[in-house]
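All letters in the sequence shown, in the order written, are residues -18 to -1, 1 to 350 by mature numbering (1 follows the signal peptide of the UniProt record, and there is no 0).
Below you'll find the structure, written out as structure tokens, and then a few comments.
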Amino acid sequence: MLFPWVCLLLGLLGLAAATEDRHTNNWAVLVCASRYWFNYRHMANTLAMYRTIKRLGIPDSNIILMLADDVACNARNVFPATVYANKDRHLDLYGDNVEVDYRGYEVTVENFLRLMTGRLSDNVPPNKRLLSDASSNVFVYLTGHGGNEFLKFQDNEEMSAFDIADAVEQMWEKKRYNKLLFMIDTCQANTMYSQFYSPNVIATGSSELGENSLSHHNDMDIGVAVIDSFTHFVLEYIEPLNKTSRNTLQNLFDTYDYDKIHSTAGVSSHLSTTPPSEILITDFFGGVAGVEVEQPATAPEGDVAIGAGWESSEGAFHRQDSARTFRKIATTETAGLPFTPTSSTPIRGILGAAVLVGAAALAFSHSR
């Protein structure tokens, strides 16, 4: 009689553990897959997204930026060393503190897939690695030229929808993400996530099968389009938000309007255990904030580095800068102190487990 109750109890405990919120850090992979001057808008798309997520708190150490980077200093640029996403040119996206991790001909299908799956050689530096883990929410943004289930990389090679789907599955199997948001702005963009089959993935794109993704407007002085329509309206919604915003992904998706974007933006959330209406925009576009600081009873001098945020992330890279590997970002001085997530979800799980144990014990006693 005891064995069935033990099995039931273990199953319920596993279910309670599976529902815990493990999200403690955010990462972003931003890719401009095109090159050449006439694709100015794709670089502006990517840099504008880069600026927005940095403003909302994701540090450069947690952003992988892939750019051809051949626009700002192009001989045809009448505003040298600048990139603008608006014809008013009120904000230079190529200003100070832009850290490009993969530049020029480093932006390849192979490098992107290796980055996502962590299949990199030992001599690849930390800034070229996606050091995410099972507690990471990962935002992937792609822009460039595409078609039915493919994305071109620099007019030289293509990545298929099957390639990216299998890469995401490897990420899930290797515990490289908690939740993943995939956003793509290309022609026929929605076909690029049609083959996804991994858990906890939400995908959105700018256009459906057979549709082009259009630019928003031109700058007559620069001479080319400066941003794509889909990215423009996504950023228009996100830009007024701050780090404490309670707006959800569903709020963003509800703003998609064919009359504005001039293409059919799509959303796929069937693989996610959490609906977009319950996921904050800042869960992907912002930095994780809020910690509980406890004074340690004893803190040996040699252990200060551990308390300050050094931890293992991937392979031989055991000690990364604290901004890269902190599970939580503190808003006060916290050097040398241990960090404990403030989420009450694990506590609820423990209480639930205790109730289940009590119920099982009671049932067992009655069975005797």
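In this text, a Cβ means the ideal position worked out from N, Cα and C, and glycines have one as well.
Bear in mind the structure is a predicted one, so any value in this text is a computation, not a measurement.
Using C-beta distances below 7 Å, list every residue in its chain close to residue i, excluding the 5 sequence neighbours before and after it, in chain order.
i: residue 284; result: Low local confidence applies: a pLDDT of 42 at residue 284 is under 50, so the model's placement there is unreliable, and no value is given.
i: residue 266; result: 8, 119, 121, 163
i: residue 244; result: 196, 211
i: residue 55; result: 62, 63
i: residue 75; result: 26, 29, 30, 33, 65, 66, 67
i: residue 214; result: 198
i: residue 358; result: Because residue 358 is not part of the residues shown, which for the chain are -18 to 350, the question remains open.
i: residue 126; result: 14, 15, 16, 24, 133, 134, 168
i: residue 147; result: 177, 178, 179
i: residue 240; result: 246
Note down the Cα distance separating residue i from residue j, rounded to an integer number of angstroms.
i: residue 199; j: residue 69; result: 8 Å
i: residue -5; j: residue 253; result: With a pLDDT of only 48 at residue -5, under 50, the local geometry of the prediction cannot be trusted, and no value is derived from it.
i: residue 236; j: residue 221; result: 16 Å
i: residue 53; j: residue 187; result: 25 Å
i: residue 157; j: residue 183; result: 13 Å
i: residue 286; j: residue 185; result: For residue 286, the predicted structure reports a pLDDT of 35, less than 50, and the residue's modelled location is therefore unreliable. A value from the coordinates is still provided. Residue 286 and residue 185: Cα-Cα distance of roughly 41 Å.
i: residue 209; j: residue 92; result: 27 Å
i: residue 354; j: residue 22; result: The chain is shown from -18 up to 350; residue 354 falls before or after that span and cannot be answered.
i: residue 116; j: residue 4; result: 7 Å
i: residue 39; j: residue 217; result: 16 Å
i: residue 145; j: residue 10; result: 19 Å
i: residue 95; j: residue 149; result: 6 Å
i: residue 160; j: residue 60; result: 44 Å
i: residue 242; j: residue 104; result: 47 Å
i: residue 192; j: residue 19; result: 26 Å
i: residue 176; j: residue 142; result: 11 Å
i: residue 109; j: residue 43; result: 7 Å
i: residue 181; j: residue 98; result: 16 Å
i: residue 165; j: residue 174; result: 10 Å
i: residue 352; j: residue 179; result: The structure shown does not extend to residue 352, since the chain spans only -18 to 350, so no value can be given for it.
i: residue 358; j: residue 128; result: Since the first residue shown for the chain is -18 and the last is 350, residue 358 is missing from the structure and cannot be characterised.
i: residue 106; j: residue 41; result: 20 Å
i: residue 234; j: residue 138; result: 34 Å
i: residue 219; j: residue 226; result: 15 Å
i: residue 58; j: residue 37; result: 30 Å
i: residue 78; j: residue 100; result: 29 Å
According to DSSP, residue i sits in a beta bridge with which residue or residues?
i: residue 215; result: Answer is none; residue 215 lacks a bridge partner.
i: residue 9; result: 120
i: residue 183; result: 162
i: residue 176; result: The partner list for residue 176 (beta bridge, DSSP) is empty, contrary to what the question assumes.
i: residue 241; result: According to DSSP, residue 241 bridges with nothing at all.
i: residue 249; result: 186
i: residue 84; result: 48
i: residue 206; result: 201
i: residue 129; result: 132
i: residue 70; result: For residue 70, which the question treats as bridged, DSSP gives no partner whatsoever.
i: residue 262; result: 230
i: residue 353; result: No statement about residue 353 is possible, as the shown extent of the chain runs from -18 to 350 and does not include it.
i: residue 142; result: 132
i: residue 14; result: 125
What whole-angstrom Cβ distance do residue i and residue j have, given they're in contact under 8 Å?
i: residue 15; j: residue 80; result: With 8 Å as the limit, residue 15 and residue 80 do not qualify as a contact, their Cβ atoms being about 18 Å apart.
i: residue 102; j: residue 111; result: 6 Å
i: residue 224; j: residue 170; result: About 34 Å; that fails the 8 Å criterion.
Can you list, in chain order, the residues of its chain whose CB lies under 6 Å from that of residue i, leaving out five sequence neighbours each side?
i: residue 172; result: 187, 190, 248
i: residue 17; result: 50, 52, 136
i: residue 238; result: 247
i: residue 12; result: 28, 31, 32, 47, 123
i: residue 35; result: 10, 267
i: residue 201; result: 69, 208
i: residue 329; result: Caution applies to residue 329, whose pLDDT of 43 falls short of 50 and renders its modelled position unreliable; the model cannot decide the point.
Just to check, is the beta-carbon of residue i closer than 7 Å to a non-hydrogen atom of the ligand NAP?
i: residue 59; result: In terms of ligand content, the structure shown is empty, and the ligand NAP therefore cannot be addressed.
So, at 8 Å on beta carbons, what are the nonlocal neighbours of residue i in its own chain, with the 5 sequence-adjacent residues on each side left out?
i: residue 255; result: 181, 182
i: residue 140; result: 91, 132, 133, 134
Is the segment 42 to 62 touching the segment 77 to 97, taking contact as three or more C-beta pairs under 8 Å?
-> yes
Would you be able to state if there are at least three C-beta pairs under 8 Å between the segment 216 to 231 and the segment 255 to 265?
-> Verdict: yes, contact present.
Pair every Cβ in the segment 137 to 156 with every Cβ in the segment 190 to 208, then say whether three or more of these pairs are closer than 8 Å.
-> no
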